[in-house]
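Visitor:
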Amino acid sequence: MEKYDYLIVGSGLFGATFAHMAHKAGKKCLVIDRRPQLGGNVYCDKVEGINVHKYGAHIFHTSNKKVWDFVNSIVEFNRYTNSPVANYKGKYYNLPFNMNTFNEMWGTTTPEAAQAKIDEQKAEAVEAMKAAGAAEPRNLEEQALTLIGRDIYEKLIKGYTEKQWGRKCTELPAFIIKRLPVRLVYDNNYFNDTYQGIPIGGYNKLVEGLLNGVETMTGVDFLKMNCQRTKDGEWTFDIPAESATQKQQATARKLVYTGQIDEYFGFKLGHLNFRTVRFETEVIDKPNYQGNAVVNYTDREVPYTRVIEHKHFEMFGQQVYDYPKTVVSREYSTEWKPGMEPYYPVNDERNNALANDYRALAEKEENVIFGGRLAEYKYYDMAPVIESAIRSFHAE
Ligand code: FAD
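Here it is, written out as structure tokens:
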């Protein structure tokens with residue numbers, strides 16, 4: 311009988327980081343994943359020599375030096391700077407909203423002129439809202455209009471947000487948009503963080519590095535491992551062998567669970583909802599399709615929200631042309647149904663309350679660590695997930 315310290319369910323960044331820390335501390339771990347490959351959502355397929363972000367484009371960014379040093383100790387990162395552009399009915403605007411955007415929108419060239427234009431449109435929106443009898447924004451549309459004014463809202467926010475949520479901005483709650491920062495400088499760098507980049511050689515290198523020396527199994531579903539608690543509070547489970555008749559029993563002192571929290575409890579309180587994204591990925595027979603990794607389509611008529619051209623995350627200058635083909639993914643934001651990839655938690659009242667009920671059940675589970683975006687039902691960027699996995703291990 312194999313004896314593990316940890317059975318780790320899920321090889322995403324939470325599971326892989328936890329396994330890395332535990333392995334370094336001399337603990338014996340088994341990492342399983344139900345997908346055919348390791349890495350969770352950061353996994354990349356290699357297509358035409360290009361790393362294709364299979365589960366959505368991932369850009370690593372953080373201001374936490376410890377996390378940045380940690381990931382760079384596993385694999386070196388490049389200096390990719392995210393600077394998406396928006397396409398509204400064929401015209402291009404820089405993002406995030408900055409002096410370039412305002413120049414493209416209104417032809418303004420000075421910070422004062424841009425600010426005056428924004429203030430004028432904000433004031434119009436506040437007046438219109440008051441005339442309609444509202445003291446505070448009643449929905450996302452009013453919130454955005456009073457924060458940024460009509461032109462930017464209609465061209466760069468409205469259609470994109472409606473596609474993302476599958477609902478009209480007038481039907482979405484105001485709190486979804488808390489702030490709409492504007493920059494009165496010519497700076498297209500999307501993130502404010504000190505560090506950002508992509509692992510050189512791709513995210514699979516990061517995951518391989520984290521899991522170096524750790525026992526892993528893919529295509530294995532935790533829910534089918536007959537995992538049971540022993541009377542000592544440990545876990546026994548079946549390790550699937552080549553032949554179904556040769557299952558091998560194993561034990562683990564603790565479980566690290568990074569799958570969906572509602573699934574762990576057999577959905578006994580109901581299903582938590584998500585939004586998901588459908589990707590349409592295409593190889594194009596030219597070296598450079600859109601000249602940028604990320605182009606947002608902000609009008610309602612184009613059915614997709616973004617087009618990602620994967621090579622621009624890792625290839626720069628002449629390198630782009632050294633590869634004759636390119637790979638693009640169109641992203642369609644879609645309502646999630648069981649069986650689809652759960653991507654974004656829906657933080658409305660019903661789901662928040664249900665998630666809290668599941669968390670209360672999780673707290674009573676002995677010898678289980680629930681971690682990561684699915685088990686915590688929380689939108690998490692990569693750096694905070696890594697930080698949280700390291701913290702969880704240190705709490706052991
Ligand atoms: P996951 O990566 O989802 O890993 C969980 C793993 O558990 C999966 O591989 C799953 O197959 C496995 N699993 C689940 N249930 C079982 C079971 N029963 N048995 C076996 N295995 C199981 N973050 C950024 O910092 N920058 C970005 O640009 C960015 N872009 C994103 C784009 C999209 C579309 C999405 C959805 C997220 C993005 N993120 C980004 C967030 C990032 O993906 C997460 O922070 C990170 O992947 C979370 O890691 P995790 O280990 O919690 O979850």
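In my numbering, the protein residues as written are 311 to 706. In this text, a Cβ means the ideal position worked out from N, Cα and C, and glycines have one as well.
1) Quick one: residues in its chain with C-beta nearer than 6 Å to the C-beta of residue 397, no 5 flanking neighbours on either side, listed in chain order?
2) Between residue 402 and the ligand FAD, is the CB less than 7 Å from at least one heavy atom?
3) Going by Cα to Cα distance, which pick from 528, 427 and 629 is closest to residue 409?
4) Expressed to the nearest angstrom, what Euclidean distance is found between the alpha-carbon atoms of residue 489 and residue 699?
5) CA-CA distance, residue 687 and residue 324?
6) Just checking my contact of residue 505 with residue 584 at CB under 8 Å: how many whole Å lie between their CB atoms?
7) Which class does residue 694 belong to by DSSP, given the choice of helix, strand or coil?
8) Would you check whether the ligand FAD has a heavy atom nearer than 7 Å to the C-beta of residue 526?
9) Are the CB atoms of residue 594 and residue 638 nearer to each other than 8 Å?
10) Whose C-alpha, out of 457, 541, 498 and 560, is nearest the C-alpha of residue 602?
11) Measuring CA to CA, which of 471, 541, 580 and 370 is closest to residue 676?
12) Go through the segment 356 to 387 residue by residue and report every complete run of the beta strand (DSSP E) that reaches 3 residues or more, in order.
13) State the Cα-Cα distance for the pair residue 518 and residue 407, rounded to the nearest angstrom.
14) Where DSSP assigns a beta bridge to residue 515, which residues make up the other side?
15) In chain order, what residues of the same chain lie with their CB nearer than 6 Å to the CB of residue 696, ignoring the 5 residues before and after it?
16) Looking at C-alpha atoms only, which residue of 313, 457 and 320 is the closest neighbour of residue 526?
17) List, from N- to C-terminal side, the beta strand (DSSP E) runs of 3 residues or more that fit wholly inside the segment 513 to 600.
18) Three Cβ pairs or more, each shorter than 8 Å: is that satisfied between the segment 621 to 635 and the segment 357 to 374?
19) Please state whether DSSP places residue 643 in a helix, a strand or coil.
20) DSSP puts residue 313 in a beta bridge; with which residues?
21) For a quick check, are the C-beta atoms of residue 680 and residue 507 less than 8 Å apart?
22) Would you report the Cα separation of residue 634 and residue 628, rounded to the nearest angstrom?
23) Below 7 Å CB to CB, which residues in the same chain sit around residue 702 once its five sequence neighbours on both sides are set aside?
24) Express the C-alpha separation of residue 513 and residue 349 in angstroms, rounding to a whole number.
25) Following a CB-centred definition, is residue 343 positioned closer than 7 Å to any heavy atom of the ligand FAD?
26) Hey, would you say the C-beta of residue 321 is under 7 Å away from at least one heavy atom of the ligand FAD?
27) For residue 481, which option in 613, 452 and 704 has the closest C-alpha, if you only look at C-alpha atoms?
28) Return the chain-ordered list of same chain residues with a C-beta closer than 6 Å to the C-beta of residue 313, the five sequence neighbours on each side being excluded.
29) Starting from residue 451, trace the alpha helix (DSSP H) both ways and give me its first and last residue.
30) Compute every distance between the C-beta of residue 691 and the non-hydrogen atoms of the ligand FAD, then say whether any falls below 7 Å.
31) On a Cα-Cα basis, can you pick out the residue from 559, 340, 342 and 368 that is closest to residue 619?
32) Measure the Cβ-Cβ separation of residue 468 and residue 479 and say whether it is below 8 Å.
33) Suppose contacts are defined by Cβ-Cβ distances below 8 Å. Is residue 564 in contact with residue 315 by that definition?
34) What does the alpha-carbon distance come out to for the pair residue 336 and residue 528?
Guide: Quick look at the numbers:
1) 605 and 607
2) no
3) 427
4) 29 Å
5) 13 Å
6) Their Cβ separation, rounded to whole angstroms, is 29 Å, which puts residue 505 and residue 584 out of contact at 8 Å.
7) helix
8) no
9) yes
10) 498
11) 541
12) 360 to 363 and 370 to 372
13) 37 Å
14) Residue 515 pairs with nothing; no bridge assigned.
15) 323, 327 and 377
16) 320
17) 525 to 528, 545 to 549, 558 to 567 and 584 to 594
18) yes
19) strand
20) 561
21) no
22) 11 Å
23) 328, 679 and 681
24) 8 Å
25) yes
26) yes
27) 452
28) 561
29) 450 to 458
30) yes
31) 368
32) yes
33) yes
34) 23 Å
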